[in-house]
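If you read the sequence shown in full-length UniProt numbering, its first letter stands for residue 1, the second for the next number, and so on.
Beta carbons: idealized from backbone N, C-alpha and C, even for Gly.
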Amino acid sequence: MLERLNQAMEHIESHLDQRIEVADLARIAVTSEYHFRRLFSALAGIPLSEYIRRRRLTVAGAEVLGGERTLLEVAVRYGYTSGEAFARAFRAMHGVGPGEVRRTGASLRSQPRMSFRLVVEGSSSMRYKVVEKDEFRVVGRKARVPLVHEGVNPAIATFIREIGRETLQRIESLSDQEPEGIISVSDDLDATRAEGTELDYYHGVVTRAAVPEDMDALTVSAGTWAVFESSGPFPQTLQHLWRDVFTQWFPSNPYQSRPGPEILRTRLSQDGTRADAELWIPVERTAL
């Protein structure tokens, strides 16, 4: 898998001055576009589109300094429709405009080329199971919130507090199948998974019960799920669990992610500093 990912990275490098289709990258990596975007984001720490943008502006910066092409020629070569659009993007990355760079030889920032390799640490094992689940329904309260990569998500914390204890108890009483009890569900995430993009967040339960009038519901299609377990400090354990699934488990197992919500079941310690986490990821087997 890592070898195929690196072949896709080579494709990016050789096409920085052309249109890069995610479908082509996914085909090289022998996976779906959906899984390629998510796997890249987890491995690289930035969205695929942002990496390509930075690499283009890094190479464009060298050409601006070189002076062999006009600024407009450089802009068009790297996909910008006008000199103004190029200048804005250039300044956002390098902190200085292309005209000033050409006049003064100012310092530029660089996005290094990425490649992936497997580091075997052997310090821990990942507990997981793969289950088939019929269509089910998540029932609870829903909010549109920004994506936060590290630390507590303030929007989600505020949303949960505002639900109220009585309503939470009513929601929890509806739980009648796995994963049991109150769960957190993330759905309709932006394809880039960039920090600050929005997602639908459900605080609810999995149930067959009728949907109360004052609650929201999400119907989830039947399919295969990989279920991962972890314990440790809160909230780092939850965020690191998701990261480890994509950086360690997927490259080592014959599965890829498929479209669908991500479900997290969390049980906090009394002082709120530690958590037992169960993460449900929709998956499908890959061709051998």
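So the candidates are Arg19, Leu39, Glu3 and Pro112; which of them puts its Cα closest to the Cα of Ser257? Leu39
Are Arg141 and Met215 touching if we call contact CB-CB under 8 Å? yes
Considering only their Cβ atoms, is the gap separating Gly260 from Val220 smaller than 8 Å? yes
Using a Cβ-Cβ cut-off of 7 Å (strictly less than) and excluding sequence neighbours within five positions of Ser230, which residues of its own chain qualify? Thr237, Leu241 and Ala277
Indicate whether Thr224 and Val283 have their beta-carbon atoms separated by less than 8 Å. yes
Identify every run of the alpha helix (DSSP H) within the stretch 201 to 269, keeping only runs that are complete inside it and at least 4 residues long; order them along the chain. 236 to 244
Using a Cβ-Cβ cut-off of 6 Å (strictly less than) and excluding sequence neighbours within five positions of Ala275, which residues of its own chain qualify? Phe234, Thr237, Thr266 and Leu268
Restricting to Cα atoms, I'd like to know which of Val131, Thr197 and Pro212 is closest to Arg170. Pro212
Straight-line CA distance for Arg127 to Val245? 10 Å
In this structure, what does DSSP give as the bridge partners for Arg144? Asp200
Quick one: using the 10 Å Cβ neighbour count with 16 as the cut-off for buried, is Leu72 buried or exposed? exposed
Quick check on the DSSP output: what are the complete alpha helix (DSSP H) runs of length 4 or more inside the UniProt domain "HTH araC/xylS-type" (6 to 104), in order along the chain? 22 to 29, 33 to 44, 48 to 66, 71 to 77, 83 to 94 and 98 to 104
What does Ser184 pair with, by DSSP beta-bridge criteria? His203 and Leu264
Note the first and the last residue of the continuous alpha helix (DSSP H) segment covering Glu166. Arg165 to Ser173
Measure the C-alpha to C-alpha separation of Ala210 and Gly151 and round it to an integer number of angstroms. 35 Å
I'd like the list of long-range same chain contacts for Lys129, defined as Cβ closer than 6 Å, with 5 residues on each side in sequence excluded. Val227
Just reading off the beta strand (DSSP E) that Val283 is part of, what are its end residues? Arg274 to Arg285
Among Glu3, Glu33 and Glu63, the one whose alpha carbon lies nearest that of Ser110: Glu63
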